[in-house]
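Numbering (UniProt numbering), first residue to last: 1 to 319.
Inspection log for the structure reproduced underneath, given as structure tokens.
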């Protein structure tokens with residue numbers, strides 16, 4: 001009997017410390033992407049233009065990589081529908097997050113969107129995966145509490161001027177972004193892990209690029225393709241392309257080896273890194289409460305990562 005053409009070989013996971021380092025770097029790259037996007041938007045760039053440029057740049061690099069390695073774009077039987085769904089989910093995540101940023105304060109939108117690790121852990125559990133331990137759940141809660149202080153949510157909510165008529169819609173869109181991103185990570189890890197990472201990423205970003213192009217051509221988002229007014233905006237867009245492209249490629253190529261249900265909360269460093277970069281690039285000062293929140297976030301990540309190893313019989317129960 002001949003061997004099947006596509007053997008479902010799942011690569012072994014990275015060591016925990018290496019997975020955490022990769023996720024921390026990716027969180028900082030995505031944070032820099034948000035800061036660059038804000039600079040570009042302040043210079044008049046449209047939302048769809050930013051997404052088109054970052055997805056187009058990433059698509060070009062991935063296409064060169066796939067062609068250079070002479071990889072086949074053929075997928076295992078039944079994988080195409082999951083690949084299409086993955087691309088549409090990433091498209092929806094991008095549009096929802098930027099739409100939320102347009103309606104509510106950026107910090108609040110990022111806070112809501114960064115609940116995706118908790119949603120991923122719950123989704124994995126609901127679909128037959130391991131249940132998060134009480135300790136893991138407590139640390140996730142601690143990280144979220146820290147993020148509340150880092151992003152100064154109480155102060156923003158107390159300012160009635162920052163809560164406009166579209167505030168609830170903005171929060172709902174940010175939560176939608178978190179939900180679809182958690183689903184995208186689950187699909188990548190459980191349904192497409194047998195697909196070569198660069199091929200999976202190329203097809204995903206191609207679907208994103210095509211979908212956003214269609215949205216631009218149909219005028220679904222008025223002003224979405226506006227150009228920056230000065231060279232500063234163009235430089236910010238170029239920075240956005242580099243940071244997002246690097247983060248996207250490394251993250252989605254490495255997802256099957258990162259044990260995401262266990263390690264995804266590490267990427268909650270992104271809002272903290274966004275504030276720090278905003279302080280440096282945009283001259284935004286951190287308050288005492290934000291510094292305290294930052295200490296809580298970092299402490300939660302350290303405790304989540306460098307916990308005491310469980311005994312052998314309890315390994316499966318520790319998530």
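Built from N, CA and C at the ideal position, the CB exists for glycine as well.
Whole-angstrom distance between residue j and residue i, CA atom to CA atom
i: residue 126; j: residue 238; result: 40 Å
i: residue 232; j: residue 219; result: 26 Å
i: residue 95; j: residue 15; result: 34 Å
i: residue 276; j: residue 298; result: 13 Å
i: residue 174; j: residue 12; result: 33 Å
i: residue 57; j: residue 241; result: 6 Å
i: residue 292; j: residue 270; result: 16 Å
i: residue 113; j: residue 191; result: 23 Å
i: residue 253; j: residue 17; result: 18 Å
i: residue 216; j: residue 135; result: 46 Å
i: residue 140; j: residue 44; result: 37 Å
i: residue 73; j: residue 59; result: 14 Å
Beta-carbon proximity check, residue i vs residue j, cutoff 8 Å
i: residue 211; j: residue 91; result: yes
i: residue 89; j: residue 153; result: no
i: residue 86; j: residue 177; result: no
i: residue 75; j: residue 225; result: no
i: residue 155; j: residue 104; result: no
i: residue 62; j: residue 201; result: yes
i: residue 250; j: residue 22; result: yes
i: residue 223; j: residue 46; result: yes
i: residue 101; j: residue 282; result: no
i: residue 187; j: residue 55; result: no
i: residue 39; j: residue 236; result: yes
i: residue 273; j: residue 50; result: no
Helix, strand or coil at residue i [DSSP, three-state]
i: residue 175; result: helix
i: residue 69; result: coil
i: residue 166; result: coil
i: residue 257; result: helix
i: residue 104; result: coil
i: residue 134; result: helix
i: residue 209; result: helix
i: residue 76; result: coil
i: residue 283; result: coil
Residues of its chain near residue i, where Cβ-Cβ distance is below 6 Å and the 5 sequence neighbours each way are ignored
i: residue 258; result: 19
i: residue 185; result: 120 and 260
i: residue 8; result: Residue confidence is low: residue 8 scores 47 on pLDDT, short of 50, so the model does not pin down where it sits. Its coordinate-derived value is still stated next. If we look at residue 8 and ignore the five residues flanking it on each side, its Cβ neighbours are 194.
Own chain residues within Cβ distance below 8 Å of residue i, not counting five before or after
i: residue 151; result: 107, 108, 110, 111, 271, 275, 290 and 293
Sequence-distant residues of its chain with Cβ nearer than 7 Å to residue i (five each side left out)
i: residue 196; result: 71
i: residue 182; result: 116, 119, 120 and 123
i: residue 29; result: 243, 246 and 247
i: residue 230; result: 43
i: residue 313; result: Reliability fails at residue 313, whose pLDDT of 29 lies under 50, so the model's placement of it is uncertain and no value is given.
i: residue 26; result: 247, 250, 251 and 267
Could you say if the segment 113-130 and the segment 244-255 meet the contact criterion of at least three C-beta pairs nearer than 8 Å?
no
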